[in-house]
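Residue numbers (full-length UniProt numbering): 1 to 192.
Built from N, CA and C at the ideal position, the CB exists for glycine as well.
Notes follow once the structure below has been shown.
So, in structure tokens, the structure goes:
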């Protein structure tokens with residue numbers, strides 16, 4: 001593939017502020033830029049299926065090669081979980097559903113799960129086989145830029161899709177912030 005095959009979306013600017021969680025944060029797909037690890041440092045356990053992505057991520061969090069569909073943590077371990085533009089890489093709903101069920105399992109009761117992702121229903125239609133999200137993000141006053149690209153999903157992946165999948169896993173929807181064609185949704189694990 002070459003750049004002519006990619007729909008490059010206009011850049012979106014996100015300021016990522018402290019998550020203010022009391023306890024450890026599980027970051028799903030935390031390799032590469034390691035945005036959440038940069039933000040919360042040693043409070044973060046970053047997992048990624050790809051060792052090379054974790055190796056290139058900045059120092060700070062604990063980094064573990066692991067598949068989110070089969071988390072190797074005890075139940076009720078984490079105060080919070082995050083997925084910064086990583087759920088878009090689950091190609092099949094069954095894989096996303098398995099990962100969300102695992103995230104729910106390892107969160108403490110009342111724990112928060114925050115998702116940043118793309119609302120594909122807000123994207124322009126094209127015949128190009130790939131799209132790429134261009135982000136300028138600010139963490140602790142430092143601006144950085146990155147892109148996340150992938151083939152178009154076989155189904156629309158909008159805010160309601162992720163909300164419905166999270167609810168099916170047991171989560172309660174807390175709120176959603178829309179930032180152009182991206183969003184940040186927060187969910188809470190039910191308390192007994």
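Distance between beta carbons of residue 64 and residue 45, contact taken as under 8 Å:
7 Å
Between which residues of its own chain and residue 184 is the CB-CB distance below 6 Å, once the five residues before and five after are set aside?
116, 177
Report all residues from its chain with a CB closer than 8 Å to the CB of residue 136; omit the five preceding and five following residues, and keep chain order.
11, 12, 13, 14, 143, 144, 145
Relative to the C-alpha of residue 169, which residue among 190, 159, 154 is closest?
Among 190, 159, 154, the Cα nearest to that of residue 169 is on 190.
Does any CB atom of chain B fall closer than 9 Å to the CB of residue 65?
Here chain B cannot be found, since the structure has a single protein chain.
On the CB-based measure, 16 or more other CB atoms within 10 Å of its CB, does residue 138 come out buried or exposed?
exposed
Evaluate residue 86 with the Cβ neighbour count: other Cβ atoms within 10 Å of its Cβ, from every protein chain shown; 16 or more gives buried, anything less gives exposed.
buried
If you compare alpha carbons, which of 180, 52, 119, 71 is closest to residue 157?
If we check each option's Cα against that of residue 157, 119 comes out closest.
Of all the options 173, 159, 167, which has the alpha carbon lying nearest to the alpha carbon of residue 180?
159
Take residue 5 as the anchor and find which of 49, 151, 27, 29 has the nearest alpha-carbon.
151
Cβ neighbour criterion (16 or more within 10 Å) applied to residue 61
That one is buried.
Which word fits residue 39, buried or exposed, when buried means at least 16 other C-beta atoms lie within 10 angstroms of its C-beta?
By the neighbour-count rule (16 or more Cβ atoms within 10 Å), residue 39 is buried.
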